[in-house]
Each structure stands twice: as structure tokens, then as C-alpha cells.
Amino acid sequence: MPVLERLLQRRLIVVTGKGGVGKSAMTSVLGRSLARRGRRALVLEVDPRENLHQMLGVAPSGGAIVEVEPNFYLQNLKPRHVVDWVVEKQVRIKMIAKRVMRSPIYHRFVEGAPGLTEIAILGHALRLARGELSGTPDIDVVVLDAPATGHGVYLLTAPRLFAEAIGDGPFAQLAGEVADYVADPVASGVVVVTQAEEMPVQEALELRRALAERFGREPELLIANGLYPPAPEGDGEDELTALWRRRYQLNASQLERLDRQWAGPRIDLPLLPIDGGAELVAALGDRFDSALTNLEEA
Ligand SMILES: Nc1ncnc2c1ncn2[C@@H]1O[C@H](COP(=O)(O)OP(=O)(O)OP(=O)(O)O)[C@@H](O)[C@H]1O
Ligand SMILES: [Mg+2]
């Protein structure tokens, strides 16, 4: 099945890759693209730095769902709120729930329990996509800007590990549901972002291997972002031009490496002389859209 068709089918798409390669920008670009192709898309950010609203040119979400354009939404999520929500649902008596949540042991538990944050993030995405949260717009697909902490694949494997380790109770139940969802190759997908440089490419390849080993599945798409354009031709060779040329050559050799080692579809996007914000996302988005359509025809 062509990559576009696959992306249009998914209810959850996790955008991952090494820190700083452009995951947040690509989450914005992909969400925008899917929304413009008729999917009600929500981009979900868990980064407390809150970058996405700037990239999309809207006010900060502050936890609420913000409409970016028709059928396109943004939310910044505090995983802690999701954990609190599960506790509140479990402990029906509000006063007791509040007391539990105020207790220092609870804080330590939430911060220390391995996998709990991951379950909270994915559990929220799952409930959004299933329309299980009251007062939220109808969403077809959640595009998750995965946190850059640890290895990207941990986000996906944590729920299964958690469910197996705990076995029982509300968190284990949520973990089990999330784990099934993540393992379902129709419901969810992974998009890997990289730059054409040694370390990010290494991490992208490792991510692909880990996905194959643990889930028996391939990422939907690789995006090679921030590629240097060829350096301007000239007689004088100043230091900056030489540096630029070296970056360009480095990019070229890493793209060759990807040609050899990455079997799935790939979209290449240039480094643009635009300083962030909605203008950058629009310019990258237009390139991404035509590349996606071309992949379709290829
Ligand atoms: N193709 C591009 N051309 C120009 N600037 C870009 C491009 N892609 C991303 N950027 C810029 O590079 C910076 C890093 O991008 P972004 O924040 O999306 O990376 P990230 O992978 O989300 O980083 P982190 O791991 O810290 O969350 C941002 O300032 C963004 O605007
Ligand atoms: Mg980011």
C-alpha cells in the first residue's frame, strides 16, 4: 500500500528521532498535511517548552485543545494530568482522590514509576482518537511529537512491559489497552525524523531495527530533514563556504548510507533560511506535500 494511503489510515502516528533533528517541525508539517487531506488531525506535544504553538502560529495551548485551522488541532499535554485523571476515576470519592494526589508519596510514585509517563501520553492519545474524552472535538488521527528523552522506541515498548509487570489495576489496564494499540499496525504508525549526519542516522537505523525486532513492523516513513543546499559557486573560497561545502558533502554521504540501509520510503527536506514559526512550517509543508504525492506516483 502506498505510504500516503497508510498514513491516512492511522489513528495514531508517533513522530520520533534524535533530539534536535526537527521532530516538532515535522509533527506540525505532517499534522497539517493530513488535515488538509481531510483527516481531523490533532498534534499532541508533551514538551514543557511548548514549541508547537509557535510553529503553528497560534496561542499557547496551556493544556487545552486549540484549533489551528479547520480540522487541525493542537494540544500540549502534561502527562501528570493524565495520571491524576486515572486516579480520580479510580478513587470515586473526590476528597480522597485529592488527598492521595497531594501526598508526597504519590508525587514520588508518579515521577519514579517506570513507564507511567509513557502510558499516560499514549493513553491520552488513544482516548482522543477513540472520542472517549468529553468536550473534545472529533479527532481521526493524533500525531504525537514524541519526547526526545531516552531511546524513541521506549515510548512504544513501555506499556507492554508495564502491563506485564503490574498485571492488575487501572494503570495496568490502561497500559494493556495502549500496548495493543501500539502493536496494531493499522491503528498506529511511526514516522522517523533524521538529519543526514552520522549520529541521527545511526539512531534512526537503530530505531528501525528495534521496531522490527519488538513489533515486527516498519516505520511508515523516514524524513531526512534540514539538508544543506549546494554551496554557492564562486572563485574565492572563504571559510564559511568551505564549511558549507563540507556539510553538504557530509549530508550526501549519509544520504547514500540511507539509500543502502533504509528500505522504506523517504522524504528529503532542505534546510530553509527561515527562522522557525508558521512560515517555516508552511514552506516545509508545501515541499512535504508534493514529495508525499510523488512517492504515491512512484
Ligand atoms: N528544514 C528546516 N529548515 C530550517 N530550520 C529548521 C528546519 N527543520 C527544523 N528547523 C528548526 O530547527 C530547530 C529544531 O527543530 P525542532 O524543534 O523541530 O527539533 P526537535 O527534534 O523537535 O528538537 P527537540 O528534540 O529539542 O524537541 C527549530 O528552531 C526549527 O525551527
Ligand atoms: Mg521538539
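Reading the sequence shown from the start, the letters are residues 0 to 297 in numbering that gives the first Met the number 0.
Glycine included, C-beta positions come from ideal geometry on N, C-alpha and C.
The model shown is predicted, which means the values in this text are computed figures rather than measured ones.
Exposure label - residue i; buried when at least 16 CB within 10 Å
{"i": "S133", "result": "exposed"}
{"i": "S27", "result": "buried"}
{"i": "A203", "result": "buried"}
{"i": "A178", "result": "buried"}
{"i": "H123", "result": "buried"}
{"i": "L210", "result": "buried"}
{"i": "Q248", "result": "exposed"}
{"i": "L271", "result": "exposed"}
{"i": "G21", "result": "buried"}
{"i": "F108", "result": "exposed"}
{"i": "A162", "result": "buried"}
{"i": "R38", "result": "buried"}
{"i": "Q306", "result": "Beyond the ends of the chain as shown, which are 0 and 297, falls residue 306; an answer cannot be given."}
{"i": "L220", "result": "buried"}
{"i": "L239", "result": "exposed"}
{"i": "G114", "result": "buried"}
{"i": "S23", "result": "buried"}
{"i": "G111", "result": "exposed"}
Check whether residue i and residue j have beta carbons under 9 angstroms apart
{"i": "L73", "j": "L51", "result": "yes"}
{"i": "P184", "j": "R159", "result": "no"}
{"i": "I165", "j": "M25", "result": "no"}
{"i": "P264", "j": "L283", "result": "no"}
{"i": "L11", "j": "L154", "result": "no"}
{"i": "G130", "j": "I120", "result": "no"}
{"i": "R9", "j": "S187", "result": "yes"}
{"i": "T116", "j": "P169", "result": "no"}
{"i": "R207", "j": "P218", "result": "yes"}
{"i": "N250", "j": "L226", "result": "yes"}
{"i": "Q253", "j": "E205", "result": "no"}
{"i": "L76", "j": "F287", "result": "no"}
{"i": "A61", "j": "H80", "result": "The question names Ala, yet the displayed sequence has Gly at residue 61. Taking 9 angstroms as the Cβ cut-off, G61 and H80 do not qualify as a contacting pair."}
Beta-carbon separation (whole angstroms), residue i vs residue j, contact threshold 8 angstroms
{"i": "I92", "j": "A174", "result": "Contact flag wrong, Cβ pair sits at about 24 angstroms."}
{"i": "L3", "j": "L291", "result": "5 angstroms"}
{"i": "P231", "j": "P269", "result": "Not quite, the Cβ-Cβ distance comes to about 15 angstroms (not below 8 angstroms), so this is no contact."}
{"i": "T156", "j": "I64", "result": "Not a contact, Cβ separation roughly 28 angstroms."}
{"i": "A96", "j": "V86", "result": "6 angstroms"}
{"i": "A241", "j": "F214", "result": "The Cβ separation is near 44 angstroms, so there is no contact."}
Cβ of residue i within 9 angstroms of any chain D Cβ
{"i": "K77", "result": "No chain D is present in this structure, which holds just one protein chain."}
inquiry  = Measuring CB atoms only, is the stretch 42-61 touching the stretch 132-147, in the sense that at least three cross pairs come out at less than 8 angstroms?
reply    = yes
ask   = At a cut of 8 angstroms, does the stretch 5-21 reach the stretch 191-206 through at least three beta carbon pairs?
value = yes
query = Using 8 angstroms as the Cβ pair cut-off and three pairs as the minimum, do the stretch 256-264 and the stretch 51-61 touch?
reply = no
ask   = At which residue ranges does the stretch 79-105 contain complete alpha helix (DSSP H) runs of 4 or more residues, listed in the order of the chain?
value = 93-101
inquiry  = Going residue by residue through the stretch 229-292, where are the continuous beta strand (DSSP E) segments of at least 3 residues, counting only ones entirely within it?
reply    = 265-269
key: Inside the stretch 124-182 only - alpha helix (DSSP H) runs reaching at least 4 residues   = 151-165 and 169-182
ask   = Residue ranges of each beta strand (DSSP E) run of no fewer than 3 residues wholly in the stretch 34-61, ordered along the chain?
value = 40-44
query = Which runs of the beta strand (DSSP E), 3 residues or longer, sit entirely within the stretch 195-233?
reply = 220-226
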